[in-house]
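Undergrad:
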Amino acid sequence: MKIKAVVFDVGRTLMEYIDMPNTWLDYYGPALHHVREVLDLPISDEELEKSIEIYRSYSPQIKPREKDFTPEEIFSDVTKDWNCEFNLSDVIREFFAHMNLKPYIYPDSVPILKKLREDGYIVCTLTDVATGMPDELHKSYFAELLPYFDMYVSSITCGYRKSSPKGLEIIAEHYDLSPYEMVMIGDEPKDILTAKRFGCHSVLIDRAGEKPDYGQEYSVSDLNEFYGLLKE
Numbered sequence: 026m027k028i029k030a031v032v033f034d035v036g037r038t039l040m041e042y043i044d045m046p047n048t049w050l051d052y053y054g055p056a057l058h059h060v061r062e063v064l065d066l067p068i069s070d071e072e073l074e075k076s077i078e079i080y081r082s083y084s085p086q087i088k089p090r091e092k093d094f095t096p097e098e099i100f101s102d103v104t105k106d107w108n109c110e111f112n113l114s115d116v117i118r119e120f121f122a123h124m125n126l127k128p129y130i131y132p133d134s135v136p137i138l139k140k141l142r143e144d145g146y147i148v149c150t151l152t153d154v155a156t157g158m159p160d161e162l163h164k165s166y167f168a169e170l171l172p173y174f175d176m177y178v179s180s181i182t183c184g185y186r187k188s189s190p191k192g193l194e195i196i197a198e199h200y201d202l203s204p205y206e207m208v209m210i211g212d213e214p215k216d217i218l219t220a221k222r223f224g225c226h227s228v229l230i231d232r233a234g235e236k237p238d239y240g241q242e243y244s245v246s247d248l249n250e251f252y253g254l255l256k257e
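The opening residue of the sequence shown carries number 26 in the numbering used here; numbering runs sequentially from there.
1. Between L138, Y146, T48, which lies nearest to M26 when the distance is taken from Cα to Cα?
2. Would you call the stretch 69-85 and the stretch 129-144 touching, i.e. three or more CB-CB distances under 8 Å?
3. For Q86, is the classification buried or exposed, using 16 other Cβ atoms within 10 angstroms of its Cβ as the cut-off for buried?
4. Tell me the residue span of the alpha helix (DSSP H) that contains L64.
5. In or out: K172 buried (at least 16 other Cβ within 10 Å) or exposed?
6. Classify F121 as helix, strand or coil using the three-state DSSP reduction.
7. Assign S203 to one of two classes, buried (16 or more other C-beta atoms within 10 Å of its C-beta) or exposed (fewer than that).
8. Would you please state the rounded distance, in angstroms, between the beta carbons of R232 and D216? I believe it to be under 8 Å.
9. Helix, strand or coil: which one does DSSP assign to I210?
10. For G211, collect the residues of the same chain with a Cβ closer than 6 Å to its Cβ; drop the 5 residues on either side in sequence, then sort them by chain order.
11. With DSSP run on the structure shown, which of helix, strand or coil describes S188?
12. When the Cα of E213 is compared with those of Q241, E110, L193, which residue comes out closest?
13. Are the Cβ atoms of G184 and K92 separated by less than 8 Å?
14. Do you know offhand how far F111's Cα is from P55's?
15. Pairs of beta-carbons, one from the stretch 115-129 and one from the stretch 42-58, closer than 8 Å: are there three or more?
16. What's the call for A168, buried or exposed, on a 16-neighbour Cβ count within 10 Å?
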């Protein structure tokens with residue numbers, strides 16, 4: 026591949042959350058109950074259940090969507106029927122504090138990102154932010170990777186979630202690249218579909234060795250194998 030820019034997904038490509046449930050949906054109810062308790066809000070169980078359902082309605086797992094929403098938009102809708110005084114930023118903070126997410130950066134991530142930068146590749150990320158999560162909080166979980174990205178694009182900063190090609194279009198326009206000069210690497214079907222819709226090369230990273238076929242151009246087991254693929 027004659028590549029100038031490498032675009033990475035983040036979750037389960039460069040890092041993961043330790044002991045995370047199978048789905049983010051498992052967090053929503055307990056987190057909103059935590060918000061009510063910690064902020065001592067006089068919200069009834071019925072009002073809280075309605076809020077949980079509103080939050081769930083924003084989940085791409087329940088209602089697939091490409092357009093993304095800011096945390097303020099989501100939580101304003103979630104709390105619209107709370108007839109009491111509260112600070113929206115406090116609600117958002119406590120909601121995600123309850124999740125107690127513990128990041129784990131894969132051992133091959135920093136060395137390979139560093140090598141790519143040293144070799145002259147443009148290194149970018151295109152990442153979907155968890156529903157309602159502030160972008161700055163999202164980035165804090167992989168802060169040690171950020172210095173190695175020439176450009177950071179998230180579903181919040183570009184306004185669209187994968188499999189929309191909008192994020193890749195922004196990167197290509199910024200660096201005056203053609204799709205053929207770019208490669209997208211990720212672990213999910215949406216990562217591969219994003220690359221295919223944009224027209225760039227696609228690489229599936231299969232750390233679990235499950236060998237799925239999402240229509241990817243290439244498959245690798247880790248980032249060292251990916252680096253070798255670039256050098257072929």
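Beta carbons: idealized from backbone N, C-alpha and C, even for Gly.
TA: The structure says:
1. Position 1 of the sequence shown, counting from 1, holds the residue named residue 26. Among L138, Y146, T48, the Cα nearest to that of M26 belongs to Y146.
2. Flag = no, the stretch 69-85 and the stretch 129-144 do not touch.
3. To locate residue 86, count along the sequence shown from 1; it is residue 61. By the 10 Å Cβ count, Q86 comes out exposed.
4. For this step, residue 64 is matched to residue 39 along the sequence shown. Taken as a continuous stretch (DSSP letters only), L64 belongs to no alpha helix (DSSP H), as it is neither H nor E.
5. Here the question's residue 172 lines up with position 147 in the sequence shown. The sequence as given places Pro at residue 172; Lys does not occur at that position. For P172, the number of other beta carbons within 10 angstroms of its own is below 16, and it is reported as exposed.
6. By 1-based counting over the sequence shown, the position of residue 121 is 96. Helix, per DSSP.
7. The residue given as residue 203 occupies position 178 in the sequence shown. So S203 ends up on the exposed side.
8. Sequence index remark: in the sequence shown, residue 232 carries index 207 (1-based). Sequence index remark: in the sequence shown, residue 216 carries index 191 (1-based). Not confirmed; about 13 Å, so no contact.
9. Working through the sequence shown from its first residue, we reach residue 210 at position 185. Three-state result, I210: strand.
10. Along the sequence shown, one-based indexing puts residue 211 at 186. Excluding its 5 nearest sequence neighbours in each direction, G211 has C-beta neighbours in its own chain below 6 Å: D34, T38, listed in chain order.
11. Residue numbering aside, residue 188 sits at position 163 when the sequence shown is read from its first letter. DSSP places S188 in coil when its eight states are reduced to three.
12. As a position in the sequence shown, residue 213 is number 188, starting the count at 1. It is Q241 whose Cα lies nearest to the Cα of E213.
13. For this step, residue 184 is matched to residue 159 along the sequence shown. For this step, residue 92 is matched to residue 67 along the sequence shown. When the beta-carbon positions are compared, G184 and K92 come within less than 8 Å of each other.
14. Translated into the one-based positions of the sequence shown, residue 111 becomes position 86. Translated into the one-based positions of the sequence shown, residue 55 becomes position 30. Their backbone Cα atoms lie some 19 Å apart in a straight line.
15. yes
16. The residue given as residue 168 occupies position 143 in the sequence shown. When all chains shown are included, A168 counts as exposed.
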